[in-house]
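Enquirer: Dumping the structure here so I can ask a few things about it.
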Amino acid sequence: MNRRNIIIIISSIIVVLLLLSFFFIQPTYTISIFFDKPDLSAKIYRNNAKNNTEIISLAGDTKIKLSDGKYIIKTSSKSGHINENYTEFTVEGSDRDVSIKTSYSKKFMSNKIAEYKNEISAVLFTKYPELKSYFILKKEIILGKNIDWYAATYQREDIDRNSGDAYTVILKKENNKWTIKTRPQIINTTYNTKNIPEEILSEAASRLSPFSTNS
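So, in structure tokens, the structure goes:
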């Protein structure tokens with residue numbers, strides 16, 4: 005085989021490889037995945053019409069490369085403290101961030117509230133004794149990435165529970181002690197509660213709502 009034929013063959017192979025890469029090798033993009041709580045694990049699946057194909061397992065915040073398409077992240081915790089979560093996202097020709105929002109299981113939250121109840125009640129009723137004497141506890145929750153926030157709603161005892169205003173109070177655990185962050189009030193906003201993060205106010209309002217199923 006002469007040199008000319010060798011060059012032709014090599015050139016042909018290069019052209020074929022370039023065509024294959026153009027038609028079959030998809031570009032990938034950096035996907036940054038962030039979890040709202042520690043000690044979570046997850047699996048990423050490619051979401052298509054027929055079935056979901058597992059791509060990779062994750063443990064904590066991660067950056068990965070993915071091609072265009074639809075995906076599902078299934079999140080869980082070994083401890084069972086977190087409700088299983090499914091987050092869908094799409095990759096469309098660019099890098100992107102994906103934030104995973106999870107929720108604690110009702111059993112875990114109930115256990116934590118029971119654990120903190122005496123200390124919280126002592127702090128709250130010392131500051132606002134009228135809550136204990138004239139109000140009824142309607143709903144209480146724990147929240148925050150580190151389970152260091154507590155919120156509760158109270159309603160006056162002498163009115164119909166299905167009517168009337170609900171007063172919300174919010175506490176935070178700081179230096180191993182619960183401290184009151186807002187007095188009992190009907191509306192909590194970033195304007196009248198400047199020492200409470202907006203995401204905590206939003207979650208508290210949502211979960212303390214009488215229509216919420218996630219308490």
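Mind the numbering: the sequence shown is residues 5 to 219 in our numbering, read in order. Beta carbons are placed, not taken as given, at the ideal position from N, Cα and C, and that holds for glycine. Just so we're clear, the structure is a prediction, and the values are computed from it rather than from any experiment.
1. Alpha carbon to alpha carbon, how far is ARG50 from ASN196? Give it in angstroms, no decimals.
2. What separation, rounded to the nearest whole angstrom, lies between the Cα atoms of ILE124 and LEU70?
3. Starting from ASN89, follow the beta strand (DSSP E) in both directions and report where the run begins and ends.
4. When DSSP labels each residue in this structure, what does PRO188 get in the three-state scheme?
5. Leaving out the 5 sequence neighbours to the left and right, which residues in its chain are closer than 7 Å to LYS143 when beta-carbon positions are compared?
6. On the DSSP letters alone, give me the boundaries of the alpha helix (DSSP H) that ASN52 sits inside.
7. Could you compute how far the alpha carbon of LYS176 sits from the alpha carbon of PRO31?
8. Using 8 Å as the cut-off, can you tell me whether the stretch 71–80 makes contact with the stretch 90–104, which would need three or more C-beta pairs spanning the two stretches below that distance?
9. Rounded to whole angstroms, how far is the Cβ of ALA208 from the Cβ of THR183, which I believe are closer than 8 Å?
10. Is the separation between the beta-carbon of LYS67 and that of SER36 shorter than 8 Å?
11. Around the C-beta of LEU141, are 16 or more other C-beta atoms found within 10 angstroms, so that it is buried, or is it exposed?
Expert: Reading it off the structure:
1. By one-based count along the sequence shown, residue 196 stands at place 192. By one-based count along the sequence shown, residue 50 stands at place 46. Between ASN196 and ARG50, the C-alpha separation is close to 45 Å.
2. Taking the sequence shown and counting its residues from 1, the one referred to as residue 124 is at position 120. Taking the sequence shown and counting its residues from 1, the one referred to as residue 70 is at position 66. Cα to Cα, ILE124 sits roughly 47 Å from LEU70.
3. Taking the first residue of the sequence shown as position 1, residue 89 is located at position 85. Run containing ASN89: 89–95, per the beta strand (DSSP E) assignment.
4. On the sequence shown, residue 188 is found 184 positions in, with the first residue counted as 1. Note: PRO188 maps to strand in three-state DSSP.
5. Position 139 of the sequence shown, counted from the start, is the residue given in the question as residue 143. Closer than 7 Å at Cβ, skipping near neighbours: ALA156, THR157, LEU212 and SER219.
6. Taking the sequence shown and counting its residues from 1, the one referred to as residue 52 is at position 48. Run containing ASN52: none; DSSP gives neither H nor E here.
7. On the sequence shown, residue 176 is found 172 positions in, with the first residue counted as 1. On the sequence shown, residue 31 is found 27 positions in, with the first residue counted as 1. In a straight line, the C-alpha of LYS176 is about 47 Å away from that of PRO31.
8. yes
9. Along the sequence shown, read from residue 1 onward, the residue named residue 208 stands at position 204. Along the sequence shown, read from residue 1 onward, the residue named residue 183 stands at position 179. Contact flag wrong, Cβ pair sits at about 16 Å.
10. Numbered from its first residue, the sequence shown carries residue 67 at position 63. Numbered from its first residue, the sequence shown carries residue 36 at position 32. In contact: LYS67 and SER36 (Cβ atoms closer than 8 Å).
11. As a first step, residue 141 must be located in the sequence shown, where it is residue number 137. Classification of LEU141: exposed, given that the 10 Å Cβ count is below 16.
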